[in-house]
Amino acid sequence: MALGKEVLRRRDLFREVPLQAPPTEDMAWRLFVRTPPEREARWVSFVRPIFADAEVESQGRISSKSSGAVLLAHVLGRVFAITFGTGFHALDPGRIELDFGLRVAANCVDPDKITMADARGLGKGRRNATSRLPVPNEVIALGLLTDEEWIRKFGGDVRVTGFAKSARGADSLQLSIDDFDLTKLGPKLREVLDLYQSTAYREHFPFLDYFRRETDKTLIERLDRLATDAVCRRDRDVGFAMPDEFDLLADAYRLSRHRKQAWLTELRTEDVYGAVDQVKGWNRPLTSVKVEPFDLSEHVVGDRKPLRSYAVGSVPYQIGGETRHYTLTAGAWFRIDQEYVELVDRYLHDSV
Numbered sequence: 366m367a368l369g370k371e372v373l374r375r376r377d378l379f380r381e382v383p384l385q386a387p388p389t390e391d392m393a394w395r396l397f398v399r400t401p402p403e404r405e406a407r408w409v410s411f412v413r414p415i416f417a418d419a420e421v422e423s424q425g426r427i428s429s430k431s432s433g434a435v436l437l438a439h440v441l442g443r444v445f446a447i448t449f450g451t452g453f454h455a456l457d458p459g460r461i462e463l464d465f466g467l468r469v470a471a472n473c474v475d476p477d478k479i480t481m482a483d484a485r486g487l488g489k490g491r492r493n494a495t496s497r498l499p500v501p502n503e504v505i506a507l508g509l510l511t512d513e514e515w516i517r518k519f520g521g522d523v524r525v526t527g528f529a530k531s532a533r534g535a536d537s538l539q540l541s542i543d544d545f546d547l548t549k550l551g552p553k554l555r556e557v558l559d560l561y562q563s564t565a566y567r568e569h570f571p572f573l574d575y576f577r578r579e580t581d582k583t584l585i586e587r588l589d590r591l592a593t594d595a596v597c598r599r600d601r602d603v604g605f606a607m608p609d610e611f612d613l614l615a616d617a618y619r620l621s622r623h624r625k626q627a628w629l630t631e632l633r634t635e636d637v638y639g640a641v642d643q644v645k646g647w648n649r650p651l652t653s654v655k656v657e658p659f660d661l662s663e664h665v666v667g668d669r670k671p672l673r674s675y676a677v678g679s680v681p682y683q684i685g686g687e688t689r690h691y692t693l694t695a696g697a698w699f700r701i702d703q704e705y706v707e708l709v710d711r712y713l714h715d716s717v
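Under our numbering, the sequence shown has 420 at position 55, and the numbering climbs by one with no breaks.
Structure below.
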């Protein structure tokens, strides 16, 4: 990956900030910052009709804005993106190493000191759940159904001396480090890369490999068509949930297609279908309808993504006379790892 502005989305909104030379010769870095203009808060239009007079706004424009930055660092042939504020919106998902943070976290956290996990249900019922423990404990204390749920994010107290106090990861990685400064970034990224390349996590957390993302593009296209058919039938077994991994909560969603838009406060299936009606998006609804989440301060808290990224549903698919069940969640298709199926079958056979 290049170390330039071209790796960012909407790169024209970012400006480069000159940096000091990196702390080591085998490292390179560049910082890009975005400071968007202020805009009127969306909620102002609701309260303006009851203003006593125009002087209320003349005393100061009621506005909101959010800034962000991306620090790109080149170490050991890899490019790492360290984001600040809303900078993570600028990262192209297609350039991100899948499950990078999840694997690093699983390789460094103490198996007896787990603190959190985000799960996406792939079995019947498809529960999406975030579990957090007030006191670090074993993973069983989270109450996860590891045979039915894809563990999207995972975290806990770190057992690797000197690496960090705690870590949590999905595709991205978050570390809690006392008194850290960016002059120590190079060595820290080398530690991170070593942990990512390790498979030691399988000893304590084998369930992280139970579900595999489908990568066959031809198969994904066929599965997408089946999912689109289900949505067009207004199938109530299809659900919708926010796909982002950054511990963010949305208070409102804007669904749009071309210049038409509809607002929702919850992603209830029938409400989503009603919004698709409003924006006239039934021709390819999963790709033509876009969703953008907002918080109470009217700040965008996630990327503008196609409805497909929010859809949660399962479809059967015939492969060589065998019926397999695939689940779409957070924009990815999953199938149960065959080795895990065989393991469960052997366990049931031995137990009975």
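Yeah, the Cβ is synthetic: ideal placement off N, Cα and C, and Gly gets one too.
All of these numbers come straight from a predicted model, not from anything done at the bench.
- For Val525, the three-state secondary structure derived from DSSP is coil.
- Residue environment analysis places Arg468 among the buried positions, since at least 16 neighbouring C-beta atoms fall within 10 angstroms of its C-beta.
- In this chain, the alpha helix (DSSP H) harbouring Leu467 covers Phe465 to Cys473.
- Restricting attention to alpha helix (DSSP H) runs no shorter than 4 residues, the region 524-580 encloses them at 550-562, ordered along the chain.
- With respect to Thr480, Ser537 sits apart: the two C-beta atoms are not nearer than 8 Å.
- Taking every protein chain shown into account, the CB of Arg622 has 16 or more other CB atoms within 10 angstroms, so this residue is buried.
- The three-state secondary structure of Gln643, taken from DSSP, is helix.
- Restricting attention to Pro402, Thr400 and Phe445, the CA atom closest to the CA of Ala393 is found in Phe445.
- Secondary structure note for Arg622: its beta strand (DSSP E) is the uninterrupted segment Ala617 to Arg622.
- With a cutoff of 8 Å on beta-carbon distance, Val440 and Thr448 are scored as not near each other.
- Assigned with DSSP and collapsed to three states, Val603 falls in coil, not helix or strand.
- Counting only the Cα atoms, Asp464 lies some 29 Å from Ala595.
- Positions of the beta strand (DSSP E) runs, each at least 3 residues long and wholly inside the region 644-679, are given as 655-659 in order along the chain.
- With a 10 Å radius around the Cβ and a threshold of 16 neighbouring Cβ atoms, Ala565 comes out exposed.
- Straight through space, the alpha carbons of Asp391 and Ala617 are spaced by roughly 45 Å.
- Under the three-state reduction of DSSP output, Glu687 falls in the strand class.
- If you look at Ala438, you'll find it in the beta strand (DSSP E) that goes Gly433 to Val440.
- For Thr692, the pairing in a beta bridge is given by DSSP as Ser679 and Phe699.
- Assigned with DSSP and collapsed to three states, Glu381 falls in strand.
- CA-CA distance, Glu657 to Arg567, rounds to 36 Å.
- Contact between the region 581-601 and the region 648-656 is present, with at least three C-beta pairs closer than 8 Å.
- The Cβ atoms of Pro388 and Thr548 lie closer than 8 Å to each other.
- If you look at Lys625, you'll find it in the beta strand (DSSP E) that goes Lys625 to Leu629.
- When beta bridges are read from the DSSP output, Ile461 appears opposite no residue.
- The Cβ atoms of Glu381 and Arg399 do not sit closer than 8 Å to each other.
- Looking at the DSSP output, Thr448 bridges to Val435.
- With 16 or more other CB atoms across the displayed protein chains lying within 10 angstroms of its CB, Gly551 is buried.
- The beta carbon of Ala615 sits closer than 6 Å to the beta carbons of Met607, Pro658 and Val666 from its chain, once the five residues preceding and following it are set aside; these are given in chain order.
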